[in-house]
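Working notes, beginning with the structure itself.
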Amino acid sequence: MTLAELALTVTLLGGLGLVANRFGLSAIPAYLLAGLLLGPNDPKQLALVEPSEVTEFVADLGIVFLLFFLGLEFTLGRLTRSQRHAVLGGAIDFAVNAGLGLLIGVAAFGFDFAALILAAAIYVSSSAIAVKGLIDFRRLADDETDLVLAILIAEDLILAFVLGFASGAGAEVDETLTIVVKAVGFIALALAASKWLSYVIDRVLDWLPHEFFLLAVVGFVVGMAAIADELALSEAFGALMAGVVLSETSVRGEIEERFFSFRDVFAALFFFVFGLSIDVAAIDEVGWILAGAVVVTLVGKIGGTLWAGRVGGFTPRQSFNAGVALIAHGEFTVILAQLVAENPAISETRQTQLVAFAGLYVLITSTIGVVLMKESKVLSRRLFPAPTLAEGR
Amino acid sequence: MPIDLRETRLPGIGVKYGFRLDSGGRIALILHNDGKRELYWFKRADNDEPSAVITLDDDEARELGAVLGGAYERPKIVEDLEMALGELQIEWVPVPDTSPWFGTTLAEAQFRAKNGITVIAILREPEPVTGAQPHDVIQRGDTLVTVGKAGQYPAFYRRLERGNSDE
Numbered sequence: 002m003t004l005a006e007l008a009l010t011v012t013l014l015g016g017l018g019l020v021a022n023r024f025g026l027s028a029i030p031a032y033l034l035a036g037l038l039l040g041p042n043d044p045k046q047l048a049l050v051e052p053s054e055v056t057e058f059v060a061d062l063g064i065v066f067l068l069f070f071l072g073l074e075f076t077l078g079r080l081t082r083s084q085r086h087a088v089l090g091g092a093i094d095f096a097v098n099a100g101l102g103l104l105i106g107v108a109a110f111g112f113d114f115a116a117l118i119l120a121a122a123i124y125v126s127s128s129a130i131a132v133k134g135l136i137d138f139r140r141l142a143d144d145e146t147d148l149v150l151a152i153l154i155a156e157d158l159i160l161a162f163v164l165g166f167a168s169g170a171g172a173e174v175d176e177t178l179t180i181v182v183k184a185v186g187f188i189a190l191a192l193a194a195s196k197w198l199s200y201v202i203d204r205v206l207d208w209l210p211h212e213f214f215l216l217a218v219v220g221f222v223v224g225m226a227a228i229a230d231e232l233a234l235s236e237a238f239g240a241l242m243a244g245v246v247l248s249e250t251s252v253r254g255e256i257e258e259r260f261f262s263f264r265d266v267f268a269a270l271f272f273f274v275f276g277l278s279i280d281v282a283a284i285d286e287v288g289w290i291l292a293g294a295v296v297v298t299l300v301g302k303i304g305g306t307l308w309a310g311r312v313g314g315f316t317p318r319q320s321f322n323a324g325v326a327l328i329a330h331g332e333f334t335v336i337l338a339q340l341v342a343e344n345p346a347i348s349e350t351r352q353t354q355l356v357a358f359a360g361l362y363v364l365i366t367s368t369i370g371v372v373l374m375k376e377s378k379v380l381s382r383r384l385f386p387a388p389t390l391a392e393g394r
Numbered sequence: 709m710p711i712d713l714r715e716t717r718l719p720g721i722g723v724k725y726g727f728r729l730d731s732g733g734r735i736a737l738i739l740h741n742d743g744k745r746e747l748y749w750f751k752r753a754d755n756d757e758p759s760a761v762i763t764l765d766d767d768e769a770r771e772l773g774a775v776l777g778g779a780y781e782r783p784k785i786v787e788d789l790e791m792a793l794g795e796l797q798i799e800w801v802p803v804p805d806t807s808p809w810f811g812t813t814l815a816e817a818q819f820r821a822k823n824g825i826t827v828i829a830i831l832r833e834p835e836p837v838t839g840a841q842p843h844d845v846i847q848r849g850d851t852l853v854t855v856g857k858a859g860q861y862p863a864f865y866r867r868l869e870r871g872n873s874d875e
C-alpha cells in the first residue's frame, strides 16, 4: 500500500461512512464492503489494493485501539453494579445463542476448535451498532434499553475471555489449558492493577508533560498487546486488558478524548483491511453456513431476548424491541475471525472460510438488524396487540 | 408533592432520569457522557413512541435548567406572598393630578375608615415615606402603597380621584 493508495482509501472510507450514516446504517458494513470490492479476491473488477505488511500493521493497530477503548468502559465498579438483567438476561442470551451457534459450528466443521469460534461469532452481537441504533432511533428513554445494554455487557465480558485463547488455543488439550490459565491469570492481574494501582498510574500520568502523556499511553497499550502476543494470547486481548487497567484512573476521560480520533481512523482501516481478505468466491462453501447462521441469529436473538425480557418483567413488545436491537453483528465477529486467521491450530481452508463467513455474515446481519430495528416498534405493535399494554410500566 | 424520579445508568452512553407527570404523560431525560442532553416527552406514559424529543448541548441545557428552576423569575416567592396575604392585596396607586386630597393628611382623608384601604408607605422624590403615619400629608406626584381587599379598591379609586363629592 503506497501513500497515494492510503489517501485514496481513507477518503473513500470517509465518503462511504457518510453515505451509510445518511441511510441510518452503521459505518462498519460500509468499510467491510469497500475492502471487499477493492480487495484482490472476487469480485476482481475493482481490485486496487493488495494486502501487504503495511495493511496488516494498520489492521493490528485498529484492533488494538478498538479493544483498548472497550477495556476503558469495563470499570470494576460498573461490573459489580450491573444488575440482575445482566446476569439473568445475559445467561439466557448465552444459553440460546451460543447453543444455536455451536449447533451450526458443529454442523459446519465437526468437533473442531473452529466450531467453537463460529459459535462465539454467532453469539456475540455488535455493541457499536446496537448503541448507535438506540441513539439514532430514539430508544434511550425506553425501559427495554436497560435490557439491551445489560445483555451487551454480558456478551462483551464473555468475549473478552474468548479473545484470550482464540488465536492460540485449539491444538492440544494441555496446550489449550495452559492458554486458558494464562488468560485467566492475565485478567486477574489486570483487574488487580486497575483496583490498586490506579492512584500510582494517575500520579505518573499527571506528572508527565502533555506530549509525553500520549506517548506513554500508546507505549503502555501497545506494550500490553505485545506481552499478550508473546504469551500466545492475542494482541487484542492485551489491548483490552490495558484498557481495563486504566479504566479506574481519573485520566480516563482525557485518554478517551485524545484517542477518539485515532481509534476512529484505525478502526475504519481495520474493517477495510479485513474486507480485503474476504473472498466472495467462498460463498459456495460457506453459503449454507451463512444462511443457517442468519436464520439462527434471527430466531435466537429475538426468541432468546423475548424469553429473557419476559423473565425480567418486560412486556412482549418491549422484549421484542430489545431482541431486534441485538440482531446486528459487527466488530467482535470480525475480530474473532481475524484472530483465528493467525491460529495455526485451524487449517487454512477453514481460516479462509471463517473470514469469508464473518465478513458476509456481518454485512447481512448488520443491514437486516438496522432495518428491522428501525421498524421494530411498528412490528411489535402488530405482533403483540393492545391488551399486553396493560402490563406495561 | 415529591416527584418519583427514577435514575438508570446506561453503560457506555450516560444516565437516564425518568418521571411521570400529573397530566398522565412521562418525561425521560438522558444525560450523555459527552454532555449532550435529550429530553423525551411521552404524551401518555405507556406510549412507546415519544411525542417530542428535544436535544440540547451542555450550555443550552444549563441555561434552560436555570430558567426552569426559577433562577430568573422567582415564582416561589410570589406564591408565598399570595399565601400570606390571603384575600388581601398590595397595590401601588399613583395619586391622580386632579385629586382633591393634596395637602390633606392621611388621617383627614379617612381611607381606612371609609374604604377599608390602609396606606402603608408613600413613594415620592427624593425620599419615600416608609411606615406612613396618620399625620403624613399627601403631595402632588405621590404613589400610595396600599393594602386592602380586592373588592374595596373600585370605591377607593373613585374617592381618591373625586373626593367625597359623590357621597
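If you're matching them up, the sequences are chains A and B in order. Here the first sequence is numbered in the working numbering, starting from 2 and rising by one per residue. Here the second sequence is numbered in the working numbering, starting from 709 and rising by one per residue. All residues carry an ideal CB built from backbone N, CA and C; glycine is no exception.
If the criterion is Cβ atoms closer than 8 Å, does the pair residue i and residue j meet it?
i                      : j                      : result
residue 249 of chain A : residue 320 of chain A : no
residue 847 of chain B : residue 867 of chain B : no
residue 280 of chain A : residue 42 of chain A  : yes
residue 157 of chain A : residue 71 of chain A  : yes
residue 6 of chain A   : residue 59 of chain A  : no
residue 829 of chain B : residue 801 of chain B : no
residue 75 of chain A  : residue 263 of chain A : no
residue 382 of chain A : residue 318 of chain A : yes
residue 96 of chain A  : residue 120 of chain A : no
residue 367 of chain A : residue 330 of chain A : yes
residue 123 of chain A : residue 298 of chain A : yes
residue 243 of chain A : residue 266 of chain A : no
Put residue i into one of helix, strand or coil per three-state DSSP.
i                      : result
residue 319 of chain A : helix
residue 832 of chain B : coil
residue 349 of chain A : helix
residue 840 of chain B : coil
residue 749 of chain B : strand
residue 799 of chain B : strand
residue 869 of chain B : helix
residue 857 of chain B : strand
residue 66 of chain A  : helix
residue 365 of chain A : helix
Can you check which of these residues, the options, is closest to residue i by C-alpha distance?
i                      : options                    : result
residue 764 of chain B : B:758, B:756, B:740, B:754 : B:740
residue 869 of chain B : B:807, B:728, B:840        : B:807
residue 340 of chain A : A:177, A:247, A:164, A:295 : A:164
residue 155 of chain A : A:322, A:93, A:201         : A:93
residue 12 of chain A  : A:362, A:27, A:32          : A:32
residue 313 of chain A : A:244, A:336, A:145        : A:145
residue 177 of chain A : A:185, A:186, A:187, A:166 : A:166
residue 738 of chain B : B:712, B:820, B:769        : B:769
residue 236 of chain A : A:244, A:227, A:106        : A:227
residue 233 of chain A : A:348, A:182, A:338        : A:182
residue 704 of chain B : A:73, A:4, A:16            : With chain B running from 709 to 875 in the structure shown, residue 704 of chain B is simply not present.
residue 134 of chain A : A:292, A:299, A:204, A:326 : A:326
residue 363 of chain A : A:159, A:276, A:225        : A:276
residue 271 of chain A : A:29, A:114, A:222, A:161  : A:29
residue 17 of chain A  : A:4, A:38, A:217           : A:38
residue 162 of chain A : A:149, A:139, A:186, A:147 : A:186
residue 203 of chain A : A:218, A:192, A:124        : A:218
residue 254 of chain A : B:714, B:759, B:742        : B:742
residue 214 of chain A : A:175, A:241, A:191, A:260 : A:260
Please report whether the beta-carbon of residue i lies at a distance below 8 Å from any beta-carbon of chain A.
i                      : result
residue 732 of chain B : no
residue 738 of chain B : yes
residue 746 of chain B : yes
residue 709 of chain B : Interpretation of residue 709 of chain B is limited by its pLDDT of 45, a score under 50 that renders its predicted location unreliable; the figure taken from the coordinates is listed afterwards. Not an interface residue.
residue 766 of chain B : no
residue 756 of chain B : yes
residue 716 of chain B : yes
residue 751 of chain B : no
residue 857 of chain B : no
Comparing the C-beta of residue i with each C-beta of chain B, is any distance below 8 Å?
i                      : result
residue 256 of chain A : no
residue 378 of chain A : yes
residue 311 of chain A : no
residue 123 of chain A : no
residue 298 of chain A : no
residue 253 of chain A : no
residue 393 of chain A : Only weak support exists for where residue 393 of chain A lies, its pLDDT of 45 falling under 50; the value from the coordinates is given anyway. Closer than 8 Å: yes.
residue 373 of chain A : no
residue 390 of chain A : Legend: pLDDT at residue 390 of chain A = 48, less than 50; position of this residue unreliable, value from coordinates given subsequently. It does: the Cβ of residue 390 of chain A has a partner Cβ on chain B nearer than 8 Å.
Hey, is residue i close to the ligand GTP, as in C-beta under 7 Å from one of its heavy atoms?
i                     : result
residue 23 of chain A : Inclusion of the ligand GTP in the displayed structure is not the case, the ligand content being empty and no account of it being possible.
Task: Whole runs of the alpha helix (DSSP H) within the region 96 to 167 of chain A, excluding any shorter than 4 residues - done: 100 to 110, 114 to 124, 128 to 137, 145 to 167
Open item on the list: Please give me, in chain order, every unbroken run of the alpha helix (DSSP H) with length at least 4 that falls completely inside the region 227 to 279 of chain A.
Closed with: Here the runs fully enclosed are 236 to 247, 253 to 277.
Task: Contained alpha helix (DSSP H) runs [length at least 4] in the region 178 to 228 of chain A, N- to C-terminal order - done: 199 to 208
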